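First the structure, in the form of C-alpha cells, and then the observations on it.
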Amino acid sequence: MLILGARGFAREVFDVLVEHLEIEDIAFYDDVNKYDKNLVYNRIPILDNEDKVRSFFIEKGNQYTIGIGSPRLRYMLYNKFNGLGGSISSAISSKSQFGMYDIKLGEGANILPNSVISSCVEIGKCPIVYYNVVITHDCKIGDFVELSPNATLLGGVKVGDYTHIGANATILPKVEIGDNVIIGAGSVVTKDIPSDSIAYGNPAVVVKRNKKF
Numbered sequence: 310m311l312i313l314g315a316r317g318f319a320r321e322v323f324d325v326l327v328e329h330l331e332i333e334d335i336a337f338y339d340d341v342n343k344y345d346k347n348l349v350y351n352r353i354p355i356l357d358n359e360d361k362v363r364s365f366f367i368e369k370g371n372q373y374t375i376g377i378g379s380p381r382l383r384y385m386l387y388n389k390f391n392g393l394g395g396s397i398s399s400a401i402s403s404k405s406q407f408g409m410y411d412i413k414l415g416e417g418a419n420i421l422p423n424s425v426i427s428s429c430v431e432i433g434k435c436p437i438v439y440y441n442v443v444i445t446h447d448c449k450i451g452d453f454v455e456l457s458p459n460a461t462l463l464g465g466v467k468v469g470d471y472t473h474i475g476a477n478a479t480i481l482p483k484v485e486i487g488d489n490v491i492i493g494a495g496s497v498v499t500k501d502i503p504s505d506s507i508a509y510g511n512p513a514v515v516v517k518r519n520k521k522f
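Using the working numbering, the letters of the sequence shown map in sequence onto residues 310 to 522.
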C-alpha cells in the first residue's frame, strides 16, 4: 500500500494500516519535502517521483490511500494517482466503531481509532474521519469531507462535498452544510450553512466566503 504524504497525518494513517498489513508492503510518497535517507522511522521508504510509484505499483500492487488533509489536495491527488494506474483504498482502524445496519461508505476512507459511526449513515468517497468523531443516525456526508478530532454530527445532518468540520465542532440535528464549507474548531452549528462559506462561533455564523473549489 502506498500512503500519499510522509508527515503528520500520513503517519497516523500508517498506524492504521499496520493493524492490517505487513510493514514491508507499505511505502510513503512525497515529492515536495526532503528527508535524510528518504525513510520514515529509519525503515519505511519514501518514494519521490512518479517512476518509483509505477515500479512500486508493479512490485507491491497498485493500492494507495491519501495521508494528507485538505479536501482540495485530496481531490487533486485522487485524480493524479488514479491516472498513474493506482486504485484508491481505505484505511479503517479496527478500533473504530460502526453501527450494524445501513451504512454506506465510499472508497478511500481514512477512519481513525475511537471514531463512532451509527447505523443509517451515508459517507462519500475519500473522507477523513478523525479520532473521536461521532456521526449519529441518518447523517449524509459528501465526497472528500474532513471531520477533525471530536467533531460530532447529530441526527439527520447533511454535509456537502469538500467540506471541513473543525475539531470539537458540533452540528445540531437536521442542519444542512453546503459544499466547500469550513466550520471553525469548537463551533456549534444550529442552522444551515450555505456552500462556499467559512463559519464559526457558538452559534456558528458565516464570517466570509470561502474560495470556490
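All C-beta atoms in this analysis are idealised placements derived from N, C-alpha and C, irrespective of residue type, glycine included. Treat the numbers as computed from the prediction; the structure is a model and nothing was measured.
Rounded C-beta distance between residue i and residue j? I'm assuming under 8 Å.
{"i": "P380", "j": "K404", "result": "Actually they are not in contact, since the Cβ atoms of P380 and K404 sit about 24 Å apart, beyond 8 Å."}
{"i": "L393", "j": "R363", "result": "7 Å"}
{"i": "Y439", "j": "S398", "result": "Y439 to S398, Cβ: 19 Å. No contact."}
{"i": "R316", "j": "N342", "result": "7 Å"}
{"i": "S504", "j": "G469", "result": "6 Å"}
Just to confirm my understanding: we take residue i, look at its own chain, exclude 5 residues before and 5 after, and list those with CB closer than 6 Å. What are they?
{"i": "G408", "result": "S427, S428"}
{"i": "F522", "result": "Y471, N489"}
{"i": "A478", "result": "A460, I492, S496"}
{"i": "G395", "result": "N371, Y373"}
{"i": "E416", "result": "I397, K434"}
{"i": "K467", "result": "K449, E485"}
{"i": "P458", "result": "Y439, Y440, N441, A476"}
{"i": "L386", "result": "L313, I375"}
Going by the CB atoms, is the gap between residue j and residue i shorter than 7 Å?
{"i": "I480", "j": "V490", "result": "no"}
{"i": "L414", "j": "I432", "result": "yes"}
Indicate the three-state DSSP secondary structure (helix, strand or coil) for residue i in the structure shown.
{"i": "N419", "result": "strand"}
{"i": "R352", "result": "coil"}
{"i": "A494", "result": "coil"}
{"i": "Y439", "result": "coil"}
{"i": "G376", "result": "coil"}
{"i": "A315", "result": "coil"}
{"i": "L456", "result": "strand"}
{"i": "S364", "result": "helix"}
{"i": "V322", "result": "helix"}
{"i": "L463", "result": "coil"}
{"i": "I335", "result": "coil"}
{"i": "K449", "result": "strand"}
{"i": "E431", "result": "strand"}
{"i": "K413", "result": "strand"}
Report the option in the options whose CA atom is closest to the CA atom of residue i.
{"i": "G465", "options": "K500, S457, T472", "result": "K500"}
{"i": "D360", "options": "I375, N342, Y338", "result": "Y338"}
{"i": "F453", "options": "Q372, S506, S402, I474", "result": "I474"}
{"i": "T445", "options": "T461, Y439, S457", "result": "T461"}
{"i": "G378", "options": "N477, G510, A319, D447", "result": "A319"}
{"i": "I401", "options": "S424, R383, I367", "result": "S424"}
{"i": "C300", "options": "Q406, N391, N441", "result": "Nothing can be reported for residue 300: it is not among the residues displayed for the chain, which extend from 310 to 522."}
{"i": "N441", "options": "G451, I332, L456", "result": "L456"}
{"i": "I375", "options": "K483, V484, G510, L313", "result": "L313"}
{"i": "Q406", "options": "E416, E368, I420, A476", "result": "I420"}
{"i": "P512", "options": "V484, L348, D340, N388", "result": "V484"}
{"i": "D340", "options": "N358, I332, L348", "result": "N358"}
{"i": "A418", "options": "V349, L348, V322", "result": "V322"}
Suppose the cutoff is 8 Å on Cβ atoms and the five residues either side in sequence are ignored; what does the same chain contact list for residue i look like?
{"i": "F365", "result": "L311, A336, L356"}
{"i": "A508", "result": "V490, I491, I492, G493, S496, V498, I502, V514, V515, V516"}
{"i": "Y344", "result": "A315, I355"}
Leaving out five residues before and five after residue i in sequence, what residues of the same chain have Cβ atoms less than 7 Å from its Cβ?
{"i": "K369", "result": "D334"}
Does the beta carbon of residue i sit closer than 7 Å to a beta carbon anywhere in chain C?
{"i": "F522", "result": "Among the chains in the structure shown there is no chain C, since it carries only a single protein chain."}
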